[in-house]
Amino acid sequence: MTPELRKNPPAPLAPVAFDIPKPYETTLENGLRVVLIENERLPLVSYRLAFTSGDINDPADATGMTSAMASMLTEGTEEFTSLQLAEKIERLGASISASASDDFTIVAASALSLYSTEVLHLLAEVVLRPTFPENELDLYRRNTIENLKFQRSQPGFLAGEQSARLIYGDHPYSKVSPKAADIEKLDRDMIVRFHATRLVPNNAMMIVVGDVQPDELISELNDVFGDWQRGSDITHKFDSPPVRNSRSLTIVDRPGSAQSNIVLCNLGVKRTDPDYFPLIVMNQVLGAGASSRIFMNLREEKGYTYGAYTRLEAKKLAGEFEATAEVRTAVTGDSLKEFFYELDRIRNEKVGDEELSDAKNFLTGVFPLRAETQEGLTNLIVNQHLYGLPADYLQTYREHINSVTADEVQRVAARLVRPDEMAIVIVGDAEEVLPQARAYADSLEIFDTEGIVQDEAKYVKTESEETANVAGKWKLVIDFQGQQLPVSLTLEQIEDNVTGSLETMLGNGEIADGKVTGNRLTAMAKAEMQGQGIEFTILGRIDGDTMTGTLTAPIVPDPLPFTGTRS
Amino acid sequence: MSETFKLPLLEIEEFSLANGLKVVLNRDDAIPVVSVAVYYNVGSRNEREGRTGFAHLFEHMMFQGSENVPKAGHFQHVMKAGGTMNGTTSSERTNYYETLPASQLPLALWLESDRMRSLAVTQENLDNQREAVKEEKRLRYDNQPYGQIFDLINEMIYKNFANSHSTIGSMEHLDDATVEDVQEFFRIYYAPDNAVLVISGAFDSATAKDLVETYFGDIPSQPAPPLLDVSEPPEVAANYKEWEDKLAPFPAFLIGWKIPPRRTPEFNALFLVGKILYDGESSRLYQKLVKGDESVIQLFGFTDERRGPSSIFVGAIPKPEKDLSKIRETIMHEIHDLSAHGPTAEEMEKIENQLINDSVRMRQSSMSRAQQIAEFALYDGDPTLINSQLDELLAVTGDQIRHAVGVYLNTENRALLDVVPATNSQQKQGAH
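Chain order of the listed sequences is E and U.
If you read the first sequence in the numbering used here, its first letter stands for residue 18, the second for the next number, and so on.
If you read the second sequence in the numbering used here, its first letter stands for residue 127, the second for the next number, and so on.
(1) Taking Cβ to Cβ, would you say Gly169 of chain U is nearer than 8 Å to Arg241 of chain U?
(2) Closer than 8 Å, CB to CB, is Ile512 of chain U near chain E or not?
(3) With a threshold of 8 Å on Cβ separation, who are the neighbours of Asp355 of chain U within its own chain once the five nearest residues in sequence on each side are excluded?
(4) Any beta carbon from chain U within less than 8 Å of Asp228 of chain E's own beta carbon?
(5) Starting from Pro391 of chain U, follow the alpha helix (DSSP H) in both directions and report where the run begins and ends.
(6) If the cut is a Cβ gap below 9 Å, which residues of chain E does Phe426 of chain U touch?
(7) Could you tell me which chain E residues have their CB closer than 8 Å to the CB of Phe276 of chain U, listed as they occur along the chain?
(8) For the region 235 to 266 of chain U, list every residue whose C-beta sits within 7 Å of some C-beta in chain E, in sequence order.
(9) Can you pull the chain U residues whose beta carbon is under 7 Å from the beta carbon of Tyr323 of chain E, in chain order?
(10) Please classify Ala557 of chain U: is it buried, with 16 or more other beta-carbons within 10 angstroms of its beta-carbon, or exposed?
(11) Give the residues from the region 155 to 182 of chain E that approach chain U closer than 8 Å (Cβ to any Cβ), ordered along the chain.
(12) Which bits of chain E does Pro318 of chain U rub up against, with CB to CB less than 9 Å?
(13) Name the DSSP beta bridge partners of Ser118 of chain E, please?
(14) State the Cα-Cα distance for the pair Leu556 of chain E and Gly531 of chain E, rounded to the nearest angstrom.
(15) Nearest to Leu519 of chain U by alpha carbon, out of U:Leu245, U:Val531, U:Ile482, U:Val486?
(16) Just to confirm, is the Cβ distance from Thr534 of chain E to Asp560 of chain E under 8 Å?
(17) Starting from the Cα of Gln270 of chain U, find the closest Cα among E:Val344, E:Ala275, E:Glu233, E:His188 and give me that residue.
(18) Which term fits Val209 of chain E, buried or exposed, when burial requires 16 or more other beta carbons within 10 angstroms of its beta carbon?
(19) Between the C-alpha atoms of Ala156 of chain U and Ala456 of chain E, what's the straight-line distance to the nearest angstrom?
(20) Secondary structure at Asn25 of chain E, three-state DSSP: helix, strand or coil?
(21) Using a Cβ-Cβ cutoff of 7 Å, what residues of the region 262 to 296 of chain E are near chain U? List them in chain order.
(22) Kindly indicate which three-state DSSP category Asn66 of chain E falls into: helix, strand or coil?
(23) Between the alpha carbons of Glu261 of chain U and Phe184 of chain U, how many angstroms are there, rounded?
(24) Just verifying my parser: in three-state terms, what is the DSSP assignment at Ser127 of chain E?
(25) Check the Cβ of Ala31 of chain E against every Cβ in chain U and list those closer than 9 Å, keeping chain order.
(26) If you draw a straight line from the alpha carbon of Arg256 of chain U to that of Asp301 of chain U, how long is it in whole angstroms?
(27) Look at Gly324 of chain E and Phe312 of chain E and say whether their C-beta atoms are less than 8 Å apart.
(28) Could one say the Cβ of Ile402 of chain U lies closer than 8 Å to chain E's Cβ atoms, at least one of them?
(29) So, for Gln510 of chain E: in the same chain, excluding its five sequence neighbours on each side, which residues have a beta-carbon less than 7 Å away from its beta-carbon?
(30) Give me the residue from U:Tyr412, U:Ala500, U:Met187, U:Ile453 with the minimum Cα distance to Thr304 of chain U.
(31) Roughly how many angstroms separate the alpha carbons of Leu425 of chain U and Phe379 of chain U, rounded to a whole number?
(32) Kindly list the residues whose CB is nearer than 6 Å to the CB of Gly186 of chain E, restricted to its own chain and excluding five residues on each side of it in sequence; keep chain order.
(33) Using the rule of at least 16 other Cβ atoms within 10 Å of the residue's Cβ for burial, across every protein chain shown, is Asp405 of chain U buried or exposed?
(34) Determine whether the Cβ of Ile157 of chain U lies closer than 8 Å to any Cβ atom of chain E.
(35) How is Tyr132 of chain E classed by DSSP in three states: helix, strand or coil?
(36) Below 8 Å between beta carbons: does that hold for Asp199 of chain E and Thr44 of chain E?
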């Protein structure tokens with residue numbers, strides 16, 4: 018091929034039509050809706066018995082009940098123990114799992130279609146005849162409590178916990194996980210009663226996709242679920258999420274964090290919102306993917322992060338818009354600046370034609386990819402039915418995307434992206450984060466990783482403080498992975514500017530760009546060590562003739578703590 | 127059951143271009159999508175000392191533009207055509223792949239050929255990607271509890287530098303990488319005769335062949351890369367290490383064994399041992415430790431499949447106050463039992479059905495087919511192994527499993543890494 022021909026991307030081949038088949042739907046006598054797609058491509062079958070109540074429908078005095086009940090379904094039934102169930106399912110090469118999300122409870126099973134009958138019987142056994150054995154429940158309680166503790170070591174969990182609280186307030190979407198005390202309270206009688214009232218056919222939908230015969234399947238479903246008794250419908254009223262009218266900053270202090278986990282969020286929309294299509298196109302332009310504006314700016318141009326994205330989470334009753342990134346601590350403030358720049362831009366300027374068509378082409382193009390596996394196709398059908406989307410939703414999805422205009426994108430951006438009332442949540446080293454992020458918000462709160470409020474005075478230096486005098490010779494001891502390394506500093510100070518020199522066992526260097534603010538010293542040192550130029554950042558807190566702080570160098574991943582005295 | 131079950135065979139067509147590029151076509155038009163995978167025969171095992179992390183840093187550079195594709199244009203072109211894409215680096219290879227609507231096959235081939243022919247290496251791109259890689263290292267390794275344990279145990283298992291060092295590399299070595307290093311690496315390893323191209327999905331075979339010849343045919347070949355020695359003595363490099371993890375909330379441990387290369391009968395048998403020991407809730411260790419003794423919060427295990435000496439791992443995060451040495455005794459007791467008595471008939475039946483189920487499921491997605499085919503083509507020179515691999519695994523007998531456990535796992539030749547939360551490192555967690 019000639020260099021000329023290579024210059025431009027090639028034209029596509031003729032498009033190939035793709036349609037998602039419309040399912041066959043029926044309702045059994047006891048009210049159980051059945052949705053079926055016959056799919057003979059490979060000898061596989063997927064079942065989803067989905068219930069339209071989830072974690073938010075927990076009883077007021079029993080947080081965690083729905084998830085506990087779901088997890089316990091496979092831990093013992095009238096016919097089989099927990100071990101027998103696991104062995105029976107896995108010996109077929111199959112899987113059965115049950116879990117609850119905010120809005121739904123789903124029991125999923127998949128297998129080779131050769132075993133479709135056996136797996137359906139096991140699915141019915143765990144849903145209809147679970148016994149919730151006391152010893153298994155006890156184990157569930159203890160393991161869940163341990164996992165709750167473990168989660169608190171994960172920065173992503175800590176950020177999500179705070180953002181949900183700030184966005185949803187008294188609405189139950191605010192609870193991302195139960196507390197240990199909630200779990201301790203769950204007892205067997207409560208779960209047995211709860212199971213009997215919640216897992217009822219009129220609250221459920223059976224979705225089947227796979228290599229099965231429709232007539233045989235309906236008759237098998239009647240066999241296994243025919244005697245399942247109706248129950249009462251489930252209705253709940255919830256408090257509205259709070260109205261926010263200013264920008265807040267919430268820091269979760271995780272001392273020693275190499276990175277800041279940043280979440281910027283505000284209340285979004287529910288899944289059936291009429292603006293849903295323009296909103297997902299807008300979100301695609303702004304930050305949903307690796308070619309969106311936020312990623313291109315924070316990762317590709319600035320190199321602040323491995324990934325930066327926005328997310329539109331639309332649940333049954335409400336939703337959330339959020340922008341997230343994990344950035345290295347030193348660029349926390351710079352990252353906020355770029356985030357707000359992009360959030361303002363999508364509201365204030367109309368998107369260009371090319372950017373708009375790129376976003377639409379992505380969303381319509383990946384649609385068939387999402388239906389490539391039986392799992393993927395099943396998820397599309399399950400979501401359509403659980404959220405009550407129109408019957409032709411999957412068939413008209415691409416048309417709806419293609420009809421979105423630039424004006425609509427700007428209108429819904431102004432509606433959904435609200436920088437002035439966002440909650441900024443940062444999980445990271447509070448002492449480092451606070452001075453960088455404080456100016457971006459109207460209010461501040463700081464928590465530790467256990468969720469206990471901290472006094473901000475612990476992290477803030479007072480403005481009125483006198484500039485400390487750091488001039489003189491300092492002997493510092495650096496803690497490098499348990500080893501004590503001596504470093505000497507000789508500092509000179511003119512007003513708040515600091516210069517000087519540094520001596521280490523490995524080589525010497527000069528200090529430039531030093532500054533004292535209150536009792537804090539910030540300085541860059543350039544040193545020659547074993548033939549290499551290395552830059553250090555020194556952060557120190559001066560208290561008379563002692564100084565404590567950290568030294569950061571590119572060759573070590575985390576700041577090295579030091580203590581020192583003036584001679 | 128395996129006698130009655132016929133796995134649908136995949137259509138495989140293979141050929142090579144004059145410049146040495148190996149091409150494999152796998153046509154399946156059930157869904158109008160197409161996946162393209164390019165596998166380069168270079169991974170962290172090819173890195174030299176002082177340049178750890180380089181193969182992975184280079185992978186990032188492959189998204190930074192080439193003669194006709196601007197910086198970050200690769201993402202943009204694929205996404206605006208409605209596709210998804212990525213690249214990954216392992217010890218064995220670096221792969222690049224995209225899945226697109228079927229009509230966009232020419233675009234995928236244009237993009238992959240442009241960067242194979244003419245990668246743009248600039249100081250600015252290198253500096254920027256170096257920072258992105260450092261953030262990836264902080265995110266996935268340094269800032270995660272237990273994030274560094276797999277890199278640490280590889281240093282304990284392997285003696286040969288090619289095998290033992292981490293793929294993410296060290297910050298210091300990343301800083302040392304120069305533009306000249308990147309250019310040299312590209313010339314040596316990113317040549318058509320050091321790569322495999324696989325197309326899987328909905329396409330017309332003659333059209334695909336023409337497109338491949340058009341886009342890749344005139345990319346010059348290069349001399350073969352330097353020979354690589356990944357040989358290992360049988361013994362592990364270190365039996366024990368204690369690691370202070372300041373982010374870990376609980377103590378944990380990881381045990382690793384050095385085992386024979388992938389697709390050897392011994393490796394296949396040990397791969398199946400994993401299904402018996404730690405895969406799923408009916409597995410022996412789940413039933414003993416999570417259920418029976420109720421002593422662990424998390425149990426995990428896996429095999430790391432390499433062309434040279436490979437490894438198998440079992441690890442656990444025990445509950446607070448539980449005796450770690452007792453948990454390890456339980457693990458070794460099950461291993462001993464397996465080496466004495468072999469698997470049960472029920473366990474063999476489970477393995478058989480799970481293998482069949484996994485093989486059928488893998489066939490659903492054009493991307494997973496393309497990736498598996500590419501591995502067989504690159505590592506074994508035979509993409510049709512995708513159709514016989516299931517039989518190879520089904521042929522493993524209980525006796526082979528028993529024997530392999532006895533030789534490789536039921537021994538003192540293992541690496542044990544104890545993770546101690548830095549805050550209570552003074553309280554030693556039992557003997558090892």
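Idealized CB from N, CA, C, for every residue including glycine.
The structure displayed is predicted, hence computed values, not measured ones.
By the coordinates alone:
(1) no
(2) no
(3) Asn286, Ala288
(4) no
(5) 391 to 403
(6) Those do not exist, as Phe426 of chain U stays about 13 Å from chain E at its closest Cβ, beyond 9 Å.
(7) Here the premise fails: no neighbours, minimum Cβ distance about 16 Å.
(8) Trp236, Asp240, Asn254, Glu257, Ala258, Glu261, Glu262, Arg264, Leu265
(9) Ala258, Glu261, Glu262, Leu265
(10) With a pLDDT of only 34 at Ala557 of chain U, under 50, the local geometry of the prediction cannot be trusted, and no value is derived from it.
(11) Leu156, Arg159, Asn160, Glu163, Asn164, Lys166, Phe167, Arg169, Ser170, Gln171, Pro172
(12) What Pro318 of chain U touches in chain E: nothing, since even the nearest Cβ is about 14 Å away.
(13) For Ser118 of chain E, which the question treats as bridged, DSSP gives no partner whatsoever.
(14) 10 Å
(15) U:Ile482
(16) no
(17) E:Ala275
(18) exposed
(19) 55 Å
(20) coil
(21) Gly273, Ser274, Ala275, Gln276
(22) Strictly speaking, residue 66 of chain E in this sequence is Leu, with Asn absent from that position. Leu66 of chain E: strand per DSSP, three-state reduction.
(23) 15 Å
(24) strand
(25) Ser229
(26) 7 Å
(27) yes
(28) no
(29) Asn486, Val487, Ala488, Val533
(30) U:Met187
(31) 10 Å
(32) Pro258, Pro259
(33) buried
(34) yes
(35) helix
(36) no
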